[in-house]
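See structure below.
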Amino acid sequence: MATSRVSSRVAMEYTSHSVTRRRMEREKAKLSLSNTAEASDVRSITKSSKEYDKPLSPGLQKEECIGFATLPDQIHRKVIKKGFHFTIMVVGESGLGKSTLINSLFMTDLYQDRKIVGVEDRLDSTVSIHAQNLDIEESGVKLRLTIIDTPGFSDSLHGKDSIDPIEEYIDQQFHQYFQAESGLNRKNIQDSRVHCLLYFVSPYGHGLKPLDVECLKRLHHKVNIIPLIAKSDTLTKSEITRHKAKVLQDIKDHGIKAYDFPECDPDESADFKRQDAELKAAIPFAVIGSNAVTEIAGKRIRARVYPWGVIEVENEKHSDFSKLKRMLIGTHLQDLKDVTEEYHYENYRAQCIQTANNNNSIEKPQLNKGSNVEQLLNEKDEEIKKMQAMLEAMQRQMTASVVL
Numbered sequence: 099m100a101t102s103r104v105s106s107r108v109a110m111e112y113t114s115h116s117v118t119r120r121r122m123e124r125e126k127a128k129l130s131l132s133n134t135a136e137a138s139d140v141r142s143i144t145k146s147s148k149e150y151d152k153p154l155s156p157g158l159q160k161e162e163c164i165g166f167a168t169l170p171d172q173i174h175r176k177v178i179k180k181g182f183h184f185t186i187m188v189v190g191e192s193g194l195g196k197s198t199l200i201n202s203l204f205m206t207d208l209y210q211d212r213k214i215v216g217v218e219d220r221l222d223s224t225v226s227i228h229a230q231n232l233d234i235e236e237s238g239v240k241l242r243l244t245i246i247d248t249p250g251f252s253d254s255l256h257g258k259d260s261i262d263p264i265e266e267y268i269d270q271q272f273h274q275y276f277q278a279e280s281g282l283n284r285k286n287i288q289d290s291r292v293h294c295l296l297y298f299v300s301p302y303g304h305g306l307k308p309l310d311v312e313c314l315k316r317l318h319h320k321v322n323i324i325p326l327i328a329k330s331d332t333l334t335k336s337e338i339t340r341h342k343a344k345v346l347q348d349i350k351d352h353g354i355k356a357y358d359f360p361e362c363d364p365d366e367s368a369d370f371k372r373q374d375a376e377l378k379a380a381i382p383f384a385v386i387g388s389n390a391v392t393e394i395a396g397k398r399i400r401a402r403v404y405p406w407g408v409i410e411v412e413n414e415k416h417s418d419f420s421k422l423k424r425m426l427i428g429t430h431l432q433d434l435k436d437v438t439e440e441y442h443y444e445n446y447r448a449q450c451i452q453t454a455n456n457n458n459s460i461e462k463p464q465l466n467k468g469s470n471v472e473q474l475l476n477e478k479d480e481e482i483k484k485m486q487a488m489l490e491a492m493q494r495q496m497t498a499s500v501v502l
């Protein structure tokens, strides 16, 4: 019995001791877990504090920007909604393909109802100004195109008289814009100023004719002039090269200022700079046009068909038509408008203001020196003296009546 009691007591103590040991191990495990969690919290807090001290990432900076970077988008939407306007004038002898070139440039037929004037009627004819509007939309961009033709130029015996109507028309458009700009309502000003003048040079002569020189000298300060060699398919490549050199030399010798291509910005791509150099080297553009559409190799293109072959209008190996189109519409349309606004129109505006000031300064001395003005001033002085005398007499009478 005693032995069994001792063994049972030993078993109970061993059991209690093992339970206590397991409890201590659990408490130790809990303590280690809590320490680990505290350490991880410290590390996370330290890490977050370090991240807080770092500068904002580009994404956060972009989200917290002021917002004026959207201004180009706002202007773009406004301009697209308003649309653009561009005015071209074509000048040159009859029969050089001016109408055909315009139709080829804008892929339309603007002169379906035109009547061809006979030779006898041309001798006594004068230049007439014909303006036609064409609305074009491409990829959501609207363009209001105004084309001004000058039929009858150089047809009469007095060729120099052909320049006056053209010069007067350009000045008239400047004057209308100046009046509208100086008025009270300036919201909806219609810009009818001529932004570009395509001047057609005959391929049959040697350089510029006297009428060409006179016309260009009278207009080069009023409009952007782009010289063209018309009907270049009548010349060989060597003849075109010589003709271009001769025209450029005549322009330089007579002090004529054609449209000056702007310099490329340093950040422009190499391909754009190369294309710009090609455009500058092609002046004056040797061009051809065609109203006929021909199918070649499964493609419908504008071309001129001859017994000896086909000349493609937009093939750069055949003419400079594609370069003219790229310059006129694709790359320099806005610059042509800017030069018109900042140079040609500003010159006209300054002349108008200077003329008005000179007229005012001339009229004032004439009024001061006139004998009639001095006589009127003397008469007014005498009338004032008489009125003063009458007032003094009336005051004396009133004083006397009060005393009585």
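Those letters in the sequence shown? Residues 99 to 502, per our numbering, in order. Even for Gly, the Cβ is constructed at its ideal location relative to N, Cα and C. Just so you know, these numbers come straight off a predicted model, no measurement behind them.
Return yes when the Cβ of residue j is within less than 8 angstroms of the Cβ of residue i, no when it is not.
i: K320; j: H442; result: yes
i: V299; j: P170; result: no
i: Y446; j: F272; result: yes
i: L295; j: I338; result: no
i: N389; j: D233; result: no
i: I243; j: G181; result: Residue identity check: residue 243 is Leu in the sequence provided, not Ile. In this structure, G181 does not lie closer than 8 angstroms to L243 by Cβ.
i: R291; j: Y267; result: no
i: N322; j: Y357; result: yes
i: A384; j: K344; result: no
i: D418; j: A448; result: no
i: E414; j: K421; result: yes
i: T392; j: V408; result: yes
i: I287; j: P263; result: no
i: D348; j: G305; result: yes
i: D247; j: S192; result: no
i: L377; j: M425; result: yes
Kindly identify the DSSP beta-bridge partner or partners of residue i.
i: P325; result: Y297
i: V437; result: Bridge partners of V437: none, in fact.
i: D247; result: V188, H228
i: I399; result: T392
i: R340; result: R340 is not bridged to any residue.
i: F182; result: L241
Pick helix, strand or coil for residue i, following the three-state DSSP scheme.
i: L154; result: Residue placement at L154 cannot be trusted, given a pLDDT of 46 that sits under 50; what the coordinates show is reported in the next sentence. Note: L154 maps to coil in three-state DSSP.
i: G407; result: strand
i: D358; result: coil
i: L199; result: helix
i: V385; result: coil
i: H273; result: helix
i: V311; result: helix
i: L241; result: strand
i: I143; result: Residue placement at I143 is poorly supported in this model, since its pLDDT is 39, which falls under 50; the coordinates are not used for a value here.
i: H174; result: helix
i: H442; result: helix
i: I427; result: helix
i: D233; result: strand
i: C450; result: helix
i: P263; result: helix
i: V345; result: helix
i: N456; result: helix
i: M205; result: coil
i: K484; result: helix
Here's a check: name, in chain order, each residue in its chain whose Cβ is nearer than 8 angstroms to the Cβ of residue i, leaving out the five neighbours to either side.
i: K435; result: F184, H293
i: N476; result: none
i: G238; result: I178
i: A278; result: R284, I287, Q288
i: T453; result: none
i: K307; result: S300
Below 7 angstroms CB to CB, which residues in the same chain sit around residue i once its five sequence neighbours on both sides are set aside?
i: I200; result: V188, L208, I245
i: Q172; result: none
i: D433; result: P360
i: I261; result: E312, C313, R316
i: E410; result: I399, A401, H416
i: K329; result: L194, G195, P301, I386
i: D289; result: H183, Y275
i: D310; result: V299
i: G190; result: K196, F251, Y297, F298, A328
i: C163; result: none
i: C362; result: F370, K371, D374
i: V437; result: N322
Quick one: residues in its chain with C-beta nearer than 6 angstroms to the C-beta of residue i, no 5 flanking neighbours on either side, listed in chain order?
i: S147; result: With a pLDDT of 43 at S147, under the threshold of 50, the predicted position of this residue should be treated as unreliable, though the coordinate-derived value follows. For S147, where only same-chain residues beyond five positions count, there are no Cβ hits under 6 angstroms.
i: M492; result: none
i: I186; result: I245, C294
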